[in-house]
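S.K.: Chains as they are written, first to last, in this note's numbering: chain X, 17 to 408; chain A, 2 to 92. Idealized CB from N, CA, C, for every residue including glycine. Since this is a predicted model, take the numbers as computed values, not measurements.
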């Protein structure tokens with residue numbers, strides 16, 4: 017299924033533009049007409065992180081006339097392993113500003129629009145309405161469903177990509193011509209069930225593999241060439257080195273783009289996707305201690321057992337002194353419980369406090385009523401108790 | 002009926018790291034039952050408490066999403082490839 021070009025061509029290319037884009041112009045499928053369409057195109061990249069980095073760099077180099085960058089975050093040293101649009105000197109700088117500077121260096125002909133804000137239900141419709149196409153490079157389910165819903169409600173196509181460890185997925189969602197993200201995954205996983213890249217890790221170069229597929233599809237949609245990845249899901253396995261595509265059908269029962277939609281406006285995505293589950297929220301209420309409080313307990317010699325619920329490789333990177341490792345999976349299958357002492361207060365922690373809250377709910381339900389967890393996890397310990405330790 | 006099952010990274014802790022394992026059954030339901038018997042715990046990551054396929058996991062037989070065919074009763078002829086594709090959100 018080929019689709020008509022998304023963008024009308026610009027009136028002309030300047031002499032400098034012809035010189036710069038000559039390797040595109042001599043491809044018959046792109047040619048002057050295609051390059052003029054790119055020049056006239058307005059593309060928004062949501063997130064200037066792992067996927068946003070290669071996507072923005074290649075979109076800029078390709079000659080997309082207007083590039084929007086939306087990101088509220090600042091560059092952290094742990095981003096540099098994969099977010100190649102940022103460099104060492106950008107640490108601490110707003111990602112959108114840092115990315116804009118790189119885009120201008122790659123191609124000064126691009127008009128860059130910086131949105132130094134978080135994308136929210138209050139601004140998403142207005143921000144999206146200024147663009148022809150959206151590239152989704154966000155890192156959480158709540159934002160992904162919001163991007164999808166806003167794109168469907170505005171009738172805009174978007175190129176979606178997602179990564180985890182060695183696995184990548186990509187597709188084009190355009191309700192007018194095919195399925196939307198909700199047709200593929202009707203509901204987000206419950207909180208705590210699917211680890212994020214910050215918890216599970218991601219191979220840096222995987223961002224390029226998936227980000228470049230996203231750019232490839234964006235260019236095809238803008239110029240109206242080739243077979244777009246509409247109605248197909250591309251699945252990349254970097255360990256096996258396989259690319260496979262499977263069909264994605266438009267779900268007639270889809271609550272957003274189906275025959276009888278029940279979702280007709282934006283919803284509260286944070287509560288729908290749940291940052292942590294209700295059980296964890298409840299368990300953590302009144303049973304959350306700070307890293308400094310844990311240090312005080314240890315210094316007083318309180319009778320406690322500190323349990324680190326992260327994965328072994330995370331424990332190797334940095335851990336709280338005296339903590340024993342029992343990964344979250346062992347709480348989920350119940351085997352952790354028999355390793356917990358009945359006569360000591362159990363103190364759980366993870367990287368930032370989400371996984372330990374989930375485990376706390378399990379531990380409390382099993383009768384360890386005085387158990388607590390450390391808010392902010394080992395990251396908070398490093399920040400407030402021992403800044404000499406590494407973070408990740 | 003021998004079928005191969007593609008295991009995503011996120012579930013490979015159950016299969017000792019194997020990306021593809023073999024299973025048996027005439028329908029997807031039987032294939033997943035055998036998979037759970039061989040790799041305890043993996044079934045609960047694919048099916049919910051009521052035994053239905055979780056809404057954030059897609060299971061394909063060949064390149065068809067079973068949600069749009071016969072669900073767990075989808076036939077798995079000899080040599081079929083079953084793929085488990087969970088939602089991931091990293092970016």
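#1: Hey, is the stretch 177 to 193 of chain X in contact with the stretch 33 to 41 of chain X, meaning 3+ C-beta pairs nearer than 8 Å?
#2: Which value, in whole angstroms, describes the spacing of the CA atoms of residue 243 (chain X) and residue 264 (chain X)?
#3: Could you pull out every residue in the same chain whose Cβ sits closer than 6 Å to the Cβ of residue 182 (chain X), ignoring the five residues on either side in sequence?
#4: By the criterion of Cβ-Cβ separation under 9 Å, what are the contact partners of residue 11 (chain A) in chain D?
#5: Could you pull the start and end residues of the beta strand (DSSP E) that residue 361 (chain X) belongs to?
#6: Counting only beta-carbon separations shorter than 8 Å, does residue 43 (chain A) have a partner in chain X?
#7: Distance check for residue 186 (chain X) and residue 200 (chain X), CA to CA, integer angstroms please.
#8: Along the chain, where does the alpha helix (DSSP H) that runs through residue 30 (chain A) open and close?
#9: For residue 54 (chain X) versus residue 239 (chain X), is the C-beta distance shorter than 8 Å?
#10: Leaving aside the five residues before and after residue 82 (chain X) along the sequence, list all residues of the same chain whose C-beta is less than 6 Å from its C-beta, in chain order.
#11: Any C-beta of chain X sitting closer than 8 Å to the C-beta of residue 71 (chain A)?
#12: Is there at least one Cβ from chain A nearer than 8 Å to residue 263 (chain X)'s Cβ?
#13: Measuring CB to CB, does residue 245 (chain X) end up less than 8 Å from residue 233 (chain X)?
#14: For residue 287 (chain X), count neighbouring Cβ atoms within 10 angstroms of its own Cβ and tell me buried if that reaches 16, exposed if not.
#15: Bridge partners of residue 248 (chain X), per DSSP?
#16: What separation, rounded to the nearest whole angstrom, lies between the Cα atoms of residue 309 (chain X) and residue 92 (chain A)?
#17: Can we count residue 81 (chain A) as close to the ligand HEM, meaning its CB is less than 7 Å from some heavy atom?
#18: Determine whether the beta carbon atoms of residue 87 (chain X) and residue 64 (chain X) lie at a separation below 8 Å.
#19: Please confirm whether residue 56 (chain A) has its beta-carbon closer than 8 Å to some beta-carbon of chain X.
#20: For the putative contact between residue 42 (chain A) and residue 156 (chain X), defined by C-beta atoms under 8 Å, what is the C-beta separation to the nearest angstrom?
#21: Going residue by residue through the stretch 23 to 102 of chain X, where are the continuous alpha helix (DSSP H) segments of at least 4 residues, counting only ones entirely within it?
#22: So with CB distances below 8 Å, who are the chain A contacts of residue 96 (chain X)?
#23: Could you check if residue 329 (chain X) is buried or exposed, using at least 16 other CB atoms within 10 Å of its CB as the buried criterion?
#24: Return helix, strand or coil for residue 336 (chain X), following the three-state DSSP convention.
#25: Tell me whether residue 91 (chain A) sits in a helix, a strand or coil according to DSSP, three-state version.
#26: Give me the chain A residues within the contact set of residue 201 (chain X), using Cβ-Cβ distance strictly less than 8 Å, ordered along the chain.
#27: Do residue 150 (chain X) and residue 67 (chain X) count as a contact pair if the criterion is CB distance below 8 Å?
#28: With a threshold of 8 Å between beta carbons, is residue 251 (chain X) in contact with chain A?
#29: Would you list the one or two residues that DSSP bridges to residue 25 (chain A)?
#30: If you drop the 5 nearest sequence neighbours on each side, which residues of the same chain put their C-beta closer than 6 Å to that of residue 106 (chain X)?
#31: Do the stretch 257 to 276 of chain X and the stretch 314 to 329 of chain X touch if we need at least three Cβ pairs shorter than 8 Å?
#32: Output needed in chain order: residues of the stretch 56 to 83 of chain X with a Cβ under 8 Å from some Cβ in chain A.
#33: Give the DSSP-derived three-state secondary structure of residue 69 (chain A) in the structure shown.
#34: When Cβ atoms are compared, which residues of the stretch 148 to 161 of chain X fall closer than 8 Å to chain A?
#35: Using CA coordinates, which residue listed in X:351, X:292, X:136, X:398 is at the minimum distance from residue 411 (chain X)?
#36: Output yes if chain A places a C-beta closer than 8 Å to the C-beta of residue 255 (chain X); else output no.
M.R.: To lay it out plainly:
#1: no
#2: 15 Å
#3: 219, 254, 255
#4: Among the protein chains of the structure shown, namely X and A, there is no chain D.
#5: 361 to 365
#6: no
#7: Taking the straight line from one Cα to the other gives about 12 Å.
#8: Membership of residue 30 (chain A) in the alpha helix (DSSP H) is indicated by the continuous run 29 to 39.
#9: yes
#10: 58, 127
#11: no
#12: yes
#13: yes
#14: exposed
#15: X:263
#16: For residue 309 (chain X) and residue 92 (chain A), the distance between alpha carbons rounds to 34 Å.
#17: The ligand HEM is absent from the structure shown, which contains no ligands of any kind.
#18: yes
#19: yes
#20: Not confirmed; about 26 Å, so no contact.
#21: Segments of the alpha helix (DSSP H) lying fully in the stretch 23 to 102 of chain X: 31 to 36, 38 to 41, 47 to 56, 68 to 78.
#22: Ordered by position in chain A, no residue passes the 8 Å Cβ test against residue 96 (chain X), which lies about 16 Å from the chain.
#23: exposed
#24: Taken through DSSP and simplified to helix, strand or coil, residue 336 (chain X) comes out as coil.
#25: Correct three-state label for residue 91 (chain A): strand.
#26: 56, 57, 59, 88
#27: At the C-beta level, residue 67 (chain X) and residue 150 (chain X) stay beyond 8 Å of one another.
#28: yes
#29: A:3
#30: 91, 114
#31: no
#32: 63, 65, 66, 67, 68
#33: helix
#34: 152, 153, 154, 155, 156, 157, 160
#35: Coverage of chain X is limited to positions 17 through 408, which leaves residue 411 (chain X) absent and any answer about it impossible.
#36: yes
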